[in-house]
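**Student:** Have a look at this one.
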Amino acid sequence: MQVESKPKVIVIAGNIGCGKSSLSKWLADKLNYVPWYESVDDNPYLDDFYGDMHKWSFHLQVYFLSTRIETYRRVVASGRPAILDRSIFEDAAMFAKNAYQTGIMNERDFNTYQRIYDGIIPSCPPPDLLIYLRASVPTLLRRIAKRGRDYEASIPREYLEQLNVLYEDWIQTFDLCPKLILPADDLDFVNSYHDFGYILDMIEAMRVAPEQPLLPGLGLRGAMPV
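The working numbering applies: residue 6 is where the sequence shown begins, and numbers increase by one.
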């Protein structure tokens, strides 16, 4: 799928700790976009959730959904080129679904959440480009430990593993807008201008020639315009 012109709204998707905020910052600075960061620390349910996932999973997911929808609508209404470090489409497909499949969220709460999500999402226009950061669990754990958020210290490895499975299933069928899959294990877009330049080239390649093979070097490392 081709990016018809310079993408106006770009969303970054990926598991916890994959580098969404870092990539959003660099792209916003380079492309002169407005960055919109998810304010995780302001979520009043986050500490409670990591302390008792079964009790607080529904509250957490509804709060995340409401704030992400509000932010996304503000971005679209502003009319300015913007980058968001979390997409609204990940809520139901990964986080709420994972909570339900693992028994963290009961069936009644999951069905209620899904009805809320299904009722809201059709009113939200799709972004112009979605960038998915594919990262292995060891990479996620290393980056989570490095940023040192207290409430993330207790995230089980199995929780991240299951989210990764759901992410891979989701990204293969996501077709609301053009998507770019980047290998976050291999790309250092914070410290390497070389790697960051490759990402910019991939975005441009999707705009001008979506059928063109992967760029030399980057393709060998797993980046895929889709």
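Heads up, the beta-carbon is just placed ideally off N, CA and C, and yes, glycines get one too.
Return the CA-CA distance between Ala-104 and Glu-95, expressed in angstroms with no decimal places.
**Tutor:** For the purposes of this step, residue 104 is identified with residue 99 of the sequence shown, where counting begins at 1. For the purposes of this step, residue 95 is identified with residue 90 of the sequence shown, where counting begins at 1. Rounded to the nearest angstrom, the two C-alpha atoms are 13 Å apart.
**Student:** Do Ile-15 and Leu-205 have their C-beta atoms within less than 8 Å of each other?
**Tutor:** Taking the first residue of the sequence shown as position 1, residue 15 is located at position 10. Taking the first residue of the sequence shown as position 1, residue 205 is located at position 200. No, these two residues do not count as a Cβ contact at 8 Å.
**Student:** Determine, using beta-carbon pairs with one atom in the region 133-152 and one in the region 185-194, whether at least three such pairs fall under 8 Å.
**Tutor:** yes
**Student:** Since Lys-184 is in the alpha helix (DSSP H), which residue starts that stretch and which ends it?
**Tutor:** For the purposes of this step, residue 184 is taken as the residue at position 179 of the sequence shown. Note, Lys-184: premise wrong, no alpha helix (DSSP H); beta strand (DSSP E) at 184-188.
**Student:** Measuring CB to CB, does Ile-74 end up less than 8 Å from Tyr-38?
**Tutor:** Residue mapping note: residue 74 aligns to position 69 of the sequence shown, counting from 1. Residue mapping note: residue 38 aligns to position 33 of the sequence shown, counting from 1. Not a contact, by the Cβ cut-off of 8 Å.
**Student:** Looking at the unbroken alpha helix (DSSP H) that takes in Val-81, where does it start and where does it end?
**Tutor:** Against the sequence shown, residue 81 aligns to sequence position 76. In the DSSP assignment, Val-81 falls within the alpha helix (DSSP H) that extends over 58-83.
**Student:** Tell me whether the beta-carbon of Met-58 lies closer than 8 Å to the beta-carbon of Tyr-172.
**Tutor:** Position 53 of the sequence shown, counted from the first residue, corresponds to residue 58. Position 167 of the sequence shown, counted from the first residue, corresponds to residue 172. Against a cut-off of 8 Å, the Cβ pair of Tyr-172 and Met-58 comes out as no contact.
**Student:** Counting C-beta neighbours from all protein chains within 10 Å, is the total for Ser-62 16 or more, i.e. buried, or is it exposed?
**Tutor:** Position 57 of the sequence shown holds residue 62. With 16 or more other Cβ atoms within 10 Å, it is buried.
**Student:** If Ile-93 sits next to Cys-129, beta carbons under 8 Å apart, how far is it from one beta carbon to the other, in whole angstroms?
**Tutor:** If you number the sequence shown from 1, residue 93 lands on position 88. If you number the sequence shown from 1, residue 129 lands on position 124. That belief holds up - the Cβ atoms of Ile-93 and Cys-129 are roughly 6 Å apart, short of 8 Å.
**Student:** Among Ile-186, Phe-194 and Ser-197, which has the Cα closest to the Cα of Met-211?
**Tutor:** Mapped onto the sequence shown, residue 211 falls at position 206. For the options Ile-186, Phe-194 and Ser-197, the alpha carbon positioned closest to that of Met-211 is the one of Ile-186.
**Student:** Taking the runs of the alpha helix (DSSP H) that are 4 residues or longer, which of them lie wholly in the region 141-194?
**Tutor:** Along the region 141-194, the alpha helix (DSSP H) occurs as fully enclosed runs of 4 or more residues at 142-152 and 162-178, listed in sequence order.
**Student:** Mapping the DSSP letters down to three states, classify Gly-22 as helix, strand or coil.
**Tutor:** Indexing the sequence shown from 1 puts residue 22 at position 17. Of the three classes helix, strand and coil, the one that applies to Gly-22 here is coil, per DSSP.
**Student:** Which class does Ile-204 belong to by DSSP, given the choice of helix, strand or coil?
**Tutor:** Position 199 of the sequence shown, counted from the start, is the residue given in the question as residue 204. Ile-204: helix per DSSP, three-state reduction.
**Student:** Consult DSSP for Ile-121 and reduce its assignment to one of helix, strand or coil.
**Tutor:** Residue numbering aside, residue 121 sits at position 116 when the sequence shown is read from its first letter. In the structure shown, Ile-121 sits in a helix (DSSP, three-state: H, G or I).
**Student:** Would you mind reading off the limits of the alpha helix (DSSP H) that contains Ala-4?
**Tutor:** There is no way to answer for residue 4, as the model of the chain reaches only from 6 to 231.
**Student:** Check Tyr-55 in the structure and name its three-state DSSP category.
**Tutor:** Working through the sequence shown from its first residue, we reach residue 55 at position 50. In this structure, Tyr-55 counts as helix in the three-state DSSP scheme.
**Student:** In the structure shown, what three-state DSSP assignment does Ile-126 receive?
**Tutor:** Here residue 126 refers to the residue found at position 121 of the sequence shown. Helix, per DSSP.
**Student:** How about Glu-157 and Asp-90: do their beta carbons lie closer than 8 Å?
**Tutor:** Numbered from its first residue, the sequence shown carries residue 157 at position 152. Numbered from its first residue, the sequence shown carries residue 90 at position 85. Cβ atoms of Glu-157 and Asp-90: not closer than 8 Å.
**Student:** Take Val-80 as the anchor and find which of Thr-107, Val-45 and Pro-131 has the nearest alpha-carbon.
**Tutor:** Here residue 80 refers to the residue found at position 75 when the sequence shown is read from its first residue. Comparing Cα positions, the closest option is Pro-131.
**Student:** Measuring only the C-alpha atoms, how far is Ile-21 from Gln-119?
**Tutor:** Your numbering for residue 21 matches position 16 in the sequence shown. Your numbering for residue 119 matches position 114 in the sequence shown. Their backbone Cα atoms lie some 22 Å apart in a straight line.
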